[in-house]
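Only one structure is covered here, and it is reproduced in the block below.
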Amino acid sequence: MKKLLASIGQMLFPNLCVCCDGYLSFQEDKVCDLCLYTLPKFEQLAYKDNAVAKKFWGRLNAEAATAVLNFNGSGDVRKILHQIKYKGNIDLGKEMGVLMGSKIVTMELHATVDFIIPVPLHAKRQNFRGYNQCDLLADGISEVTRLRVRKDVLVRRKHNGTQTKKKRYERFINAKEIFRVAKPEELKNKHVLLLDDVITTGATLEACGSALLEVEGLKLSIICLAAAT
Ligand SMILES: [Zn+2]
303 MKKLLASIGQ MLFPNLCVCC DGYLSFQEDK VCDLCLYTLP KFEQLAYKDN AVAKKFWGRL
363 NAEAATAVLN FNGSGDVRKI LHQIKYKGNI DLGKEMGVLM GSKIVTMELH ATVDFIIPVP
423 LHAKRQNFRG YNQCDLLADG ISEVTRLRVR KDVLVRRKHN GTQTKKKRYE RFINAKEIFR
483 VAKPEELKNK HVLLLDDVIT TGATLEACGS ALLEVEGLKL SIICLAAAT
């Protein structure tokens, strides 16, 4: 009966793949298997000196920094990022988190990370949007890796919405004031995996990471769903 109702529902309100607009089967979630398979992967994922890690050289002392997908500004990855950030596609956010988790379990850092910390939104923005896309990714990762997510240890003090038009140096100065670590005693001597949806210049992650590295004995690694390299 349940299946029959689902079939009728599917006919009336067909689920379409967010990338190719093709019909989804019952086994598929928000992205069809073919699109999932052909998404541009960040091939250097497990390579220590990869293009994402290099962005932080001389800026941030990270154990590891990497991404799962390659973002070139257009195409399917752009559609996915847009859906999870602005279109309230919560299921897609979790599905992408699960994809990230399936990569993380194969990596060395999986054995040593204590917590996942999603990059926070400012409270006002989160209330307006209703969710933080990085929290969705973190929940998906946790489902696969069983790593604990801490959404309460990093606080965003200001918006930085108009940053994109500023120069890199100005952006850094601005970003430095943005994040504050709450409960630093709980992060002492821990290895944390800082998580963002997309990395371009790395300014936001640098600001978050700098704040976290103020904690005594903390080790920092970084993972993003997508990287513009
Ligand atoms: Zn598709």
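All residue numbers for the sequence shown refer to my numbering, where the first residue is 303 and numbers rise by one.
A virtual CB, placed ideally from N, CA and C, is assigned to each residue, including glycine.
- Message: Please return the same chain residues whose Cβ sits closer than 8 Å to the Cβ of Glu445, not counting the five positions on each side in sequence.
- Response: Scanning its chain for C-beta atoms nearer than 8 Å, with the 5 sequence neighbours on each side dropped, one finds around Glu445 the residues Lys396, Gly399, Val400, Gly403, in chain order.
- Message: Quick check on the burial criterion: 16 or more other C-beta atoms within 10 angstroms. Buried or exposed for Gln329?
- Response: With fewer than 16 other Cβ atoms inside 10 Å of its own Cβ, Gln329 counts as exposed.
- Message: Just to confirm, is the Cβ distance from Glu508 to Phe358 under 9 Å?
- Response: Closer than 9 Å, so yes.
- Mark Pro422 as exposed unless 16 or more other C-beta atoms lie within 10 angstroms of its C-beta, in which case mark it buried. Taking all protein chains in view, the Cβ of Pro422 is crowded by 16 or more other Cβ atoms within 10 Å, so the residue is classified as buried.
- Query: Taking the alpha-carbon positions, what's the His412 to Ala369 distance?
  - Reply: Annotation: His412 to Ala369 spans about 14 Å, alpha carbon to alpha carbon.
- Message: If I follow the unbroken beta strand (DSSP E) through Arg458, where does it start and stop?
- Response: Residues 456 to 458.
- Have a look at Lys490, Lys332, Asn374, Arg458 and flag the residue whose alpha-carbon is nearest the alpha-carbon of Arg427. The candidate whose alpha carbon is nearest that of Arg427 is Arg458.
- Does the beta-carbon of Thr414 have 16 or more other beta-carbons within 10 angstroms, so that it is buried, or is it exposed? Burial is judged here by how many other beta carbons sit within 10 angstroms of a residue's own beta carbon; Thr414 has fewer than 16 and is exposed.
- Message: Under 8 Å: does the beta carbon of Leu336 sit that close to some heavy atom of ligand 1?
- Response: Yes, Cβ of Leu336 sits closer than 8 Å to a heavy atom of ligand 1.
- Query: So, helix, strand or coil for His493, using DSSP?
  - Reply: Of the three classes helix, strand and coil, the one that applies to His493 here is strand, per DSSP.
- Residues bridged to Glu406 (per DSSP): For clarity, residue 406 is Ile in the given sequence; the question names Glu instead. Its beta-bridge partners do not exist; DSSP assigns none.
- Task: Would you mind working out which of Gln385, Pro342, Thr506, Tyr349 sits nearest Arg431, comparing C-alpha positions?
- Result: Ranked by Cα distance from Arg431, the first of Gln385, Pro342, Thr506, Tyr349 is Gln385.
- Message: Which of the three DSSP states is assigned to Asp378 in this structure?
- Response: Residue state for Asp378 is assigned as helix, using DSSP reduced to three classes.
- Does DSSP classify Lys453 as helix, strand or coil? Of the three classes helix, strand and coil, the one that applies to Lys453 here is coil, per DSSP.
- Per-residue burial, Ala355 [other beta carbons within 10 Å of its own, 16 or more giving buried]: Burial call: buried.
- Would you please state the rounded distance, in angstroms, between the beta carbons of Val451 and Lys485? I believe it to be under 8 Å. In fact, because the Cβ distance is near 14 Å, the residues do not count as touching under 8 Å.
- Query: Quick one: does the C-beta of Val333 sit closer than 8 Å to a heavy atom of ligand 1?
  - Reply: Indeed, a heavy atom of ligand 1 lies less than 8 Å from the Cβ.
- Task: Look up Lys521 in the DSSP assignment and say whether it is helix, strand or coil.
- Result: Note: Lys521 maps to strand in three-state DSSP.
- Within the 9 Å Cβ cut-off, does Arg450 reach chain D? In the displayed structure, chain D is absent; only one protein chain is listed.
- How close, in whole Å, do the beta carbons of Leu347 and Ile419 come, if the pair is a contact with beta carbons under 8 Å? 20 Å between Cβ atoms; not a contact.
- Message: Shorter than 8 Å, the distance from the beta carbon of Gly403 to the closest heavy atom of ligand 1, or not?
- Response: No, since every heavy atom of ligand 1 falls outside the 8 Å radius drawn around the Cβ of Gly403.
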